[in-house]
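Beneath this line is the structure, given in structure tokens, with notes to follow.
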Amino acid sequence: MKVLLVGAGGQVGQELEALLAADQGVTLLACDRASLDLTQPQAMAERVQAFVPEVIINAAAYTAVDRAESEPELAEAVNALAPGYLAQAATQVQAQLVHISTDYVFDGRQSVPYREDSPCNPLGVYGRTKRAGEEAVIAGCDRSVILRTAWVYGAKGKGNFAKTILRLSQERDHLRVVYDQVGTPTWTRDIAGAIAQILPHLGPDTYGTYHFTNSGVSSWYDFAVEIVALAASMGVPLTLQQVEPITTADYPTPAQRPAYSVMGCEKIADLLGHKPPHWRQSLSKMMAELCG
Ligand SMILES: NC(=O)c1ccc[n+]([C@@H]2O[C@H](COP(=O)([O-])OP(=O)(O)OC[C@H]3O[C@@H](n4cnc5c(N)ncnc54)[C@H](OP(=O)(O)O)[C@@H]3O)[C@@H](O)[C@H]2O)c1
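Those letters in the sequence shown? Residues 3 to 294, per the numbering used here, in order.
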């Protein structure tokens with residue numbers, strides 16, 4: 003199977019590249035931003051026409067949730083317009099498209115897990131542009147899968163909450179972390195594994211939208227406490243004495259975030275034949291890799 007991976011430099015993209023490059027059944031062309039800028043539709047169409055992939059995976063995005071509030075045009079170009087161009091390019095060569103999206107398409111006002119068909123109502127620029135990207139994919143390519151994930155962390159890539167907490171717990175004695183936003187931390191390797199497992203099943207029966215996160219529920223505070231506990235148990239020298247739970251109101255940010263963004267993953271569990279691993283189990287594996 004010929005696979006074009008775009009966004010290969012990101013935290014999910016790097017895990018996907020490592021996994022798919024090792025797969026004998028996959029001929030992979032992995033492009034990071036330097037080799038393929040998704041805001042250049044002509045370059046993108048040419049690359050797709052030259053390689054003629056059977057599947058395109060879009061792991062690229064503008065993911066700076068707060069910065070997006072002051073850079074809406076750039077967020078729109080990468081998150082909303084580029085997926086549309088990619089969808090059209092996929093359709094031209096009859097490729098299938100796997101596109102990654104986010105829990106931030108929801109407003110967080112529910113108190114039960116969001117389903118794939120729950121109404122979207124993003125709260126900020128990032129979520130709005132990601133939702134527009136989903137719509138552009140659906141409009142531009144009828145052979146597509148949209149995989150919404152959440153609270154992504156991994157050992158690879160520039161940075162994420164887990165890496166930041168690990169670093170700060172070696173620099174500070176006190177951290178304040180929000181406890182009134184809940185969701186599900188999700189390991190990049192599990193996301194890459196789910197996508198790799200879906201590839202052979204792509205077809206008319208499986209096109210559509212899926213939620214994929216690790217199992218379980220956490221607040222950012224619980225997530226931070228677990229990161230610190232795991233680091234301590236792995237012998238990392240920590241300066242941190244206390245993690246203080248605070249409210250969202252105590253920590254104002256430019257972008258409003260959903261208070262509750264747990265997503266139900268039954269649909270993808272049926273397809274994969276298993277439930278995603280619990281977030282604590284995956285976090286412990288990633289921390290062992292990071293701290294080992
Ligand atoms: N991070 C999260 O917590 C989270 C949560 C829910 C869903 N998601 C979704 O998961 C997917 C993967 O996210 P991630 O966490 O792996 O993000 P990431 O680490 O920020 O990676 C995104 C990649 O996209 C690249 N990119 C940005 N603009 C581009 C452009 N114009 N052309 C080509 N590439 C471009 C970035 O390149 P540069 O590094 O050069 O900017 C980066 O390598 C995204 O769809 C994201 O929306 C993420």
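Beta carbons: idealized from backbone N, C-alpha and C, even for Gly.
For clarity, every value in this text was computed on a predicted model and none was experimentally measured.
Item: Chain-order list of residues whose beta-carbon lies under 6 Å from that of T131 (same chain, five-residue window excluded); Value: A77, E78, N81, A82
Item: First and last residue of the uninterrupted alpha helix (DSSP H) at Y262; Value: First-last for Y262: undefined, no H or E at that position.
Item: Cβ separation of V95 and V67, assumed to be a contact under 8 Å, to the nearest whole Å; Value: Actually they do not touch by this definition, with Cβ atoms about 33 Å apart.
Item: 8 Å contact criterion, which Y181 and S221 should meet: CB distance rounded; Value: 5 Å
Item: Among L170, T255, D272, A89, nearest to G126 - alpha-carbon criterion; Value: T255
Item: In chain order, each beta strand (DSSP E) run of at least 3 residues that lies wholly inside the segment 207-285; Value: 210-213, 244-248
Item: At least three beta-carbon pairs within less than 8 Å, the segment 11-25 to the segment 153-171; Value: yes
Item: C-beta contact flag for L204 and Q98 at 8 Å; Value: yes
Item: Ligand 3 heavy atom lying under 7 Å from the CB of D25; Value: Only ligand 1 can be found as ligands here, which leaves ligand 3 out of the picture.
Item: Selection from Q199, R191, P187 that minimises the alpha carbon distance to F225; Value: P187
Item: Simplified DSSP state of V67, which is helix, strand or coil; Value: coil
Item: Supposed contact pair V100 and V147 - C-beta distance, whole angstroms, cut 8 Å; Value: 5 Å
Item: Beta-carbon spacing of M46, L18 below 8 Å; Value: no
Item: Run of the alpha helix (DSSP H) containing Q94, from where it starts to where it stops; Value: 84-94
Item: Bounding residues of the alpha helix (DSSP H) (the contiguous stretch that carries V50); Value: 43-53
Item: Buried versus exposed call for E48 [16 or more other C-beta atoms within 10 Å across all chains shown]; Value: exposed
Item: Unbroken beta strand (DSSP E) run spanning Q98, endpoints; Value: 98-104
Item: Ligand 1 heavy atom lying under 7 Å from the CB of R49; Value: no
Item: From R35, P85, Y223, residue whose alpha carbon lies closest to that of R178; Value: Y223
Item: DSSP beta-bridge partners of I59; Value: L7, V100
Item: Heavy atom of ligand 1 within 7 Å of K132 beta-carbon; Value: yes
Item: Candidates Y128, A164, A138: closest to R69 by CA position; Value: Y128
Item: Burial state of Q244, where buried means 16 or more other Cβ atoms lie within 10 Å; Value: exposed
Item: Reference I200; option with closest CA among W281, I59, G266; Value: I59
Item: Length of the line joining the Cα atoms of L240 and A164; Value: 15 Å
Item: Distance cut-off 7 Å: A89 Cβ against heavy atoms of ligand 1; Value: no
Item: Buried/exposed call for R111, threshold 16 Cβ in 10 Å; Value: exposed
Item: Inter-residue CB distance, D144 and P279 (contact presumed, cutoff 8 Å); Value: D144 to P279, Cβ: 32 Å. No contact.
Item: Cβ neighbour criterion (16 or more within 10 Å) applied to G210; Value: exposed
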